[in-house]
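Here the protein sequences line up with chains A and B, keeping their order. All residue numbers for the first sequence refer to the working numbering, where the first residue is 1412 and numbers rise by one. All residue numbers for the second sequence refer to the working numbering, where the first residue is 14 and numbers rise by one. For each residue, glycine too, the CB sits at the ideal point set by N, CA and C. As the structure is a prediction and not an experimental result, all values here were calculated from the model. Below you'll find the structure, written out as structure tokens, and then a few comments.
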Amino acid sequence: GEDVEQSLFLSVREGDSSVINCTYTDSSSTYLYWYKQEPGAGLQLLTYIFSNMDMKQDQRLTVLLNKKDKHLSLRIADTQTGDSAIYFCAESGNRDDKIIFGKGTRLHILP
Amino acid sequence: DTGVSQDPRHKITKRGQNVTFRCDPISEHNRLYWYRQTLGQGPEFLTYFQNEAQLEKSRLLSDRFSAERPKGSFSTLEIQRTEQGDSAMYLCASSTRFGGIRNTIYFGEGSWLTVV
């Protein structure tokens, strides 16, 4: 079945770049997402990429997709304390728009 | 456009009681989704609607759970005879899909359920 895997924790010094990695199993995935969740809050869509793209950049965020390896990454440049949150990788196909989420990566910012 | 709205935001209930959550999607959005998120986990799909039709239900949605979207606008998720394992955040999301074109899925802030 569909599965999305990501590491659970990442610690980064303020000002450095954060790279959060994700792998997925469904080769028919057409949309891949990164969501951010702050404590006690809902999900904020950060960015998404179509499966026919390799890269997408949006201000401090860069998404890289390796479709052959089914590997997705999110790079946050110049990480700030406000970036501290849980980041969810997710995918959906063109079949039903149902989004499958990973367990989330908790990003901790070191001073 | 006020985004996806969920009510109540927090609910504490005794085991065995029934609870109902409401979701108001973004206006004009014809697709509506329910997810459940427990501590330390990612959101898990429960069910979704296209207009008023419920198109898919997850195996997570036991017979104590029922979701409706009677007029194709707001939706309710009812949990009967709540159990402690039902404690979670219930997330609603909405999107548009017409023909082959779909737009981004937007999530609400979630409804926290604590069963004591």
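For residue i, count neighbouring Cβ atoms within 10 angstroms of its own Cβ and tell me buried if that reaches 16, exposed if not.
i       : result
A:T1482 : With the sequence shown as reference, residue 1482 of chain A is identified as His, and Thr is not the correct amino acid for it. Looking at its Cβ environment, which holds fewer than 16 other Cβ atoms inside 10 Å, A:H1482 is exposed.
A:F1420 : exposed
B:P56   : buried
B:F62   : buried
A:D1469 : exposed
B:A80   : buried
B:F58   : buried
Under the three-state reduction of DSSP, which class applies to residue i: helix, strand or coil?
i       : result
A:A1492 : It is Thr, not Ala, that sits at residue 1492 of chain A in the sequence shown. A:T1492: helix per DSSP, three-state reduction.
B:Q54   : coil
B:D217  : Residue 217 of chain B is absent from the model: chain B starts at 14 and stops at 129.
B:D37   : strand
A:D1480 : coil
A:D1465 : coil
B:Q97   : helix
A:I1431 : strand
A:H1519 : strand
B:R82   : coil
B:L104  : strand
B:R22   : coil
A:L1419 : coil
B:A66   : strand
Using CA coordinates, which residue listed in the options is at the minimum distance from residue i?
i       : options                               : result
A:I1520 : A:C1500, A:V1430, A:I1497 and A:Q1491 : A:Q1491
B:I118  : A:Y1446, A:D1465 and A:S1484          : A:Y1446
B:S18   : A:P1522, A:L1443, A:L1454 and A:E1449 : A:L1454
B:V129  : B:E69, B:L59, B:Y46 and B:K24         : B:K24
A:F1512 : A:G1426, A:S1429, A:D1427 and A:Q1448 : A:Q1448
A:T1436 : A:D1480, A:S1422 and A:T1516          : A:D1480
A:K1509 : A:R1471, A:D1427, A:T1441 and A:N1432 : A:T1441
B:Q93   : B:G29, B:Q67, B:E69 and B:R22         : B:G29
B:E122  : A:N1463, A:V1430 and A:P1450          : A:P1450
A:G1426 : A:D1489, A:G1493, A:R1471 and A:I1460 : A:D1489
Who pairs with residue i in a beta bridge, going by DSSP?
i       : result
A:L1475 : A:M1466 and A:S1484
Any contact between the region 72-88 of chain B and the region 34-45 of chain B? By contact I mean 3 or more CB pairs, one from each, below 8 Å.
yes
With a threshold of 8 Å, are at least 3 pairs of Cβ atoms found where one atom belongs to the region 103-110 of chain B and the other to the region 40-56 of chain B?
yes
Could you tell me whether the region 1485-1501 of chain A touches the region 1417-1431 of chain A, using the rule of 3 or more Cβ pairs below 8 Å?
yes
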